[in-house]
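K.L.:
Here it is, the structure, as structure tokens.
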Amino acid sequence: MFHSPFGITLMLSFVTASILTLLGAPIAYGIAFSNRLGSVAGEILVSLTLVFPPAVLGYFLMVCFSPDSVFGHLFERVFGHPLAFSFEGLVVASIIYSLPFAVQPLTQSFRSVPSSHLEMARILGAGRLTTFFRVLLPISLPGLLTGWVLSFAHTVGEFGVVLMVGGNIPGETRTLSIEAYEDLLSLDFANARKAVFALLLLSLVSLLGIQLLNRWRRSG
Amino acid sequence: MNPLLSVDIVRSFRAGRTIRARFSIPKEMEGRILVVTGESGSGKSTLLRMLAGVVSPDAGSIRWNGEPWFDAMTGTDRPVARRRIGYLPQEDTLFPHMTVKENLLFAMEAGTGILKSVFEGRRRTHAGAVDEALSRFGLFPLSAEIPGNLSGGQRRRVSICRMSLREPSLVLLDEPMNGLDPKAKEEIGGLIRRFLSERRVAGIWVTHDPPEAELLEGARASFERLDPESPMAGHSLVMTEGDDPGFPESGRSFLPKDPGGILLSRMPGESMR
């Protein structure tokens, strides 16, 4: 199942969203609690991929993934295969492409936690780590989950970057959106419809998830 | 003999406003309160936050029993957790994702680190102390509730219980009666009074409400405008009652006129019966 376009899309989106959630938490913390200059600089850096054309991002990623680059060379020596045109390459590209979708909701959530709660945790003896894991993160859970769902949904629909970085290798890097594109090119409308329907289904489920999280946020 | 607390601090804000406080609290103040009044924005809460250590003064020093908590000259700034402060802010600071019991356990465990407390079996000891505190404060029936399901008075009671578990050396009370109905005021006032006198802990009680301040018995200080014409210039803490010039090295000292008398004998709410 995981070698079908649906399975690859599901796996790619799940892995990307999960890694982004782990990576995004410290980044969001840095943005939410640094001084004004650091906060603005962080927000701009994280949001860059929102305005970057996918082709430009894809090009730069391919340059980085190339065995001639330090990063690409290191990866090939450790894992025995190049990063470009591999599932792992898709994951790295998706993480960079979907970064703002995980970081922004969590940054907002961190900022909305009253500073009096964080001060009280410190007064009660908690260090930074205890305050982060036992107070800040649990109160910001809806933002964390919203970030996961948004980056999942965004990865599901990726096309340009995935095509450039992953190529179109069946069973390895062919996701649903590339499958739909391929089927359309070969005038296989029946299969294209299936791929499009599956994409729609995943998007609708994600939307439902976001709606439920928003309700939880408002009620909490 | 060193005073219990000696404070000589200045804090300035961007708009040019300045807060100054220079006073000391003698050892005789253990179990008693210093009532601090002042108009809104005069710096009452900032003073408490500077004493707690969550905000640093720009200049000056804070000493507890002669030990520096803060000293701008030497760069000393004792971490918040090591000041052993009991702080009751005016806003609700119970953690909303924890039950009443978990909020209390947090106060016991936060300093030791969660993993350490679990591995060393301290959690069970903590749970015992928390259960005892729950009964003492009459909170046992509420132990599994989350703060969102409690009334204002109940939340304040849990906050005081949580504060007591830290065994504070100094208690800072920022408008503790704010938003409470007369019955809750009476209950919470009594709770604070008992806590301070039983544990022999000094308290600083901040209020903007003159009738509330009138009902409190203790040494008094008030934030007065540096420029009588404009509140924007800032405020300075001035002792208004209970002056004892016995501690000139740290400015004015707050000692009740009648050190042997029972302070906090009348609490807000009690007169409203």
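Residue numbers (numbering that gives the first Met the number 0), protein chains in the order written: chain A, 0 to 219; chain B, 0 to 272.
Cβ coordinates follow ideal geometry from the N, Cα and C atoms, glycine included.
The model shown is predicted, which means the values in this text are computed figures rather than measured ones.
Please report whether the beta-carbon of T91/A lies at a distance below 9 Å from any beta-carbon of chain B.
P.N.:
Inspection of the sequence shows that residue 91/A is occupied by Val rather than by Thr. Cβ-Cβ to chain B under 9 Å: no for V91/A.
K.L.:
Could you give the distance in angstroms between the alpha-carbon of L215/B and the alpha-carbon of Q153/B?
P.N.:
Straight-line Cα distance between these residues: approximately 22 Å.
K.L.:
Report the three-state DSSP secondary structure of I43/A (helix, strand or coil).
P.N.:
Helix, per DSSP.
K.L.:
Measure from the alpha carbon of V90/A to the alpha carbon of each residue in T172/A, P104/A, F78/A, R217/A, then state which is nearest.
P.N.:
Comparing Cα positions, the closest option is T172/A.
K.L.:
Do the region 77–97 of chain A and the region 148–168 of chain A make contact, defined as three or more Cβ pairs closer than 8 Å?
P.N.:
These segments touch.
K.L.:
Please work out which residues of its chain come closer than 6 Å, Cβ to Cβ, to W147/A, disregarding the five sequence neighbours upstream and downstream, and give them in chain order.
P.N.:
Correct list, in chain order: A16, T20.
K.L.:
Could you please give the first and the last residue of the uninterrupted alpha helix (DSSP H) stretch that includes T98/B?
P.N.:
Run containing T98/B: none; DSSP gives neither H nor E here.
K.L.:
Under 9 Å, Cβ to Cβ, is there at least one residue of chain B near S108/A?
P.N.:
False, the Cβ-Cβ gap to chain B never drops below 9 Å.
K.L.:
Using 8 Å as the Cβ pair cut-off and three pairs as the minimum, do the region 99–108 of chain A and the region 33–50 of chain A touch?
P.N.:
Yes, since at least three Cβ pairs between the region 99–108 of chain A and the region 33–50 of chain A fall closer than 8 Å, the two stretches touch.
K.L.:
Does DSSP classify M231/B as helix, strand or coil?
P.N.:
It is a strand residue.
K.L.:
Using the three-state DSSP reduction, which class does D130/B fall into: helix, strand or coil?
P.N.:
If DSSP states are grouped into helix, strand and coil, D130/B belongs with the helices.
K.L.:
In three-state DSSP terms, what is S202/A?
P.N.:
In this structure, S202/A counts as helix in the three-state DSSP scheme.
K.L.:
Please classify F220/A as buried or exposed, where buried requires at least 16 other C-beta atoms within 10 Å of its C-beta.
P.N.:
Because chain A is modelled from 0 through 219, residue 220/A falls outside the range shown and cannot be assessed.
K.L.:
Within 9 Å of any Cβ in chain A, is that where the Cβ of H207/B sits?
P.N.:
No, H207/B lies away from the interface with chain A (no Cβ there is under 9 Å from its Cβ).
K.L.:
Is it buried or exposed for A201/B, if we count other Cβ within 10 angstroms and need 16 for buried?
P.N.:
Buried is the call here.
K.L.:
Do A20/B and M231/B have their beta-carbon atoms positioned less than 9 Å apart in this structure?
P.N.:
No.
K.L.:
Nearest by alpha-carbon distance to E229/B: which of V34/B, T124/B, E38/B, V99/B is it?
P.N.:
Here residue 229/B turns out to be Ser, not Glu, going by the sequence shown. The shortest Cα separation from S229/B among V34/B, T124/B, E38/B, V99/B belongs to E38/B.
K.L.:
Just to confirm, are W215/A and P137/A a CB contact at a threshold of 9 Å?
P.N.:
Cβ distance not < 9 Å, so W215/A and P137/A don't count as in contact.
K.L.:
What residues from the region 76–110 of chain B come within 7 Å of chain A, judged by C-beta to C-beta, listed N to C?
P.N.:
Answer set for the region 76–110 of chain B: V79, A80, I84, Y86, P88, E90, T92, F94, P95, H96, F105, A106, A109, G110.
K.L.:
Among the candidates D208/B, L172/B, G233/B, N177/B, whose CA atom is the shortest distance from the CA of R31/B?
P.N.:
Nearest of D208/B, L172/B, G233/B, N177/B to R31/B, Cα basis: L172/B.
K.L.:
Cα separation between T17/B and G189/B?
P.N.:
So the two alpha carbons sit approximately 35 Å from each other.
K.L.:
When the Cα of R129/A is compared with those of T111/B, W68/B, R81/B, I159/B, which residue comes out closest?
P.N.:
Looking at the sequence provided, one finds Thr at residue 129/A rather than Arg. Taking only the C-alpha atoms, the option nearest T129/A is T111/B.
K.L.:
Going straight from the alpha carbon of S3/A to that of L175/A, what length do you get?
P.N.:
Distance between the alpha carbons of S3/A and L175/A: 9 Å.
K.L.:
Against chain A, with Cβ distances strictly below 9 Å, would V53/B count as a contact?
P.N.:
Output row for V53/B: interface = yes.
K.L.:
Run the CB neighbour count on K100/B, radius 10 Å, all protein chains shown included, and call it buried at 16 or more, exposed below.
P.N.:
With 16 or more Cβ atoms within 10 Å of its Cβ, K100/B is classed as buried.
K.L.:
Could you check where the beta strand (DSSP E) with S60/B kicks off and where it finishes?
P.N.:
Looking at the DSSP string, the run of the beta strand (DSSP E) that includes S60/B is 58–63.
K.L.:
Please report the distance separating the alpha-carbon of P169/A from that of M10/A.
P.N.:
Looking at the two C-alpha atoms, the distance is approximately 15 Å.
K.L.:
Contact check, V205/B vs E118/A under 8 Å by CB: the rounded distance?
P.N.:
No, V205/B and E118/A are not in contact; Cβ-Cβ is about 16 Å, not under 8 Å.
K.L.:
Pick helix, strand or coil for T17/B, following the three-state DSSP scheme.
P.N.:
Residue state, collapsed to three classes: strand.
K.L.:
Is the separation between the beta-carbon of I145/B and that of S60/B shorter than 9 Å?
P.N.:
It is not a contact, given that the beta carbons lie outside the stated cut-off.
K.L.:
Flag S33/A as yes if its beta-carbon sits less than 9 Å from any beta-carbon of chain B, otherwise no.
P.N.:
Output row for S33/A: interface = no.
K.L.:
Between C160/B, S134/B, M49/B, R155/B, which has its C-alpha nearest E289/B's C-alpha?
P.N.:
Residue numbering for chain B in the displayed model covers 0 to 272; residue 289/B lies beyond these limits and cannot be assessed.
K.L.:
Mind checking N102/B: buried by the 16 CB within 10 Å criterion, or exposed?
P.N.:
Under this definition N102/B is a buried residue.
K.L.:
Does the distance from the CB of A212/B to the CB of L33/B come in under 9 Å?
P.N.:
Contact: no.
K.L.:
So if I threshold CB-CB distances at 9 Å, which residues from the region 119–146 of chain A count as touching chain B?
P.N.:
If the cut-off is 9 Å between Cβ atoms, the region 119–146 of chain A has M119, A120, R121, I122, L123, G124, A125, G126, L128, T129, T130, F132, R133, V134, P137, I138, L140 near chain B.
K.L.:
Measure from the C-beta of R21/B to each C-beta in chain A and report whether the shortest distance is under 9 Å.
P.N.:
Not one chain A Cβ lies under 9 Å of R21/B.
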